[in-house]
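Each remark here refers to the structure printed beneath this line.
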Amino acid sequence: MCDGTGIPRYIPDHLARRILFWDDERKESGHIIVCLQNGWSFSSAEHVDVEPFRNVTEAALAIASATPCPCTNCKETVAILALESI
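Position in the sequence shown (first residue = 1) + 89 = our numbering.
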């Protein structure tokens with residue numbers, strides 16, 4: 090599990106909390122790869138937690154638009170994590 094150290098400081102905290110992993114590969118592949126935390130999805134219809142983006146603005150807008158993931162696995166994982174935090 091990523092500890093968030095790859096997330097740039099200029100990403101606002103409310104968005105950074107949704108990010109599991111941030112990999113800036115723009116020099117190699119031209120993309121920033123973002124993986125969302127369990128329970129979040131880039132799509133409201135299915136489980137899509139990893140996406141490539143061309144720039145920081147595109148990535149930040151997509152992270153801000155992320156929705157709670159509708160898949161059973163994410164719902165169960167989020168419920169377990171909530172119980173463990175009690």
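A virtual CB, placed ideally from N, CA and C, is assigned to each residue, including glycine. This structure is a prediction, so every number in the text was calculated from the model and none was measured.
Excluding sequence positions up to five before and after Ile-96, its CB lies within less than 8 Å of the CB of Ala-105, Ile-108 and Trp-111, all in the same chain and listed in chain order. Residue state for Val-123 is assigned as strand, using DSSP reduced to three classes. Under the 10 Å beta carbon count, Gly-128 is surrounded by 16 or more other beta carbons and is classified as buried.
In the displayed model, Ser-174 falls within coil according to three-state DSSP, outside both helix and strand. Nearest neighbour of Ile-152 by Cα position, chosen from Cys-160, Phe-142 and Pro-159, turns out to be Phe-142. Comparing C-alpha distances from Glu-135 to each of Ser-174, Cys-163, Gly-119 and Ile-122 shows the shortest one belongs to Cys-163. For the segment 137-167, the continuous alpha helix (DSSP H) assignments of 4+ residues that do not extend past its boundaries occur at 145-154, in sequence order.
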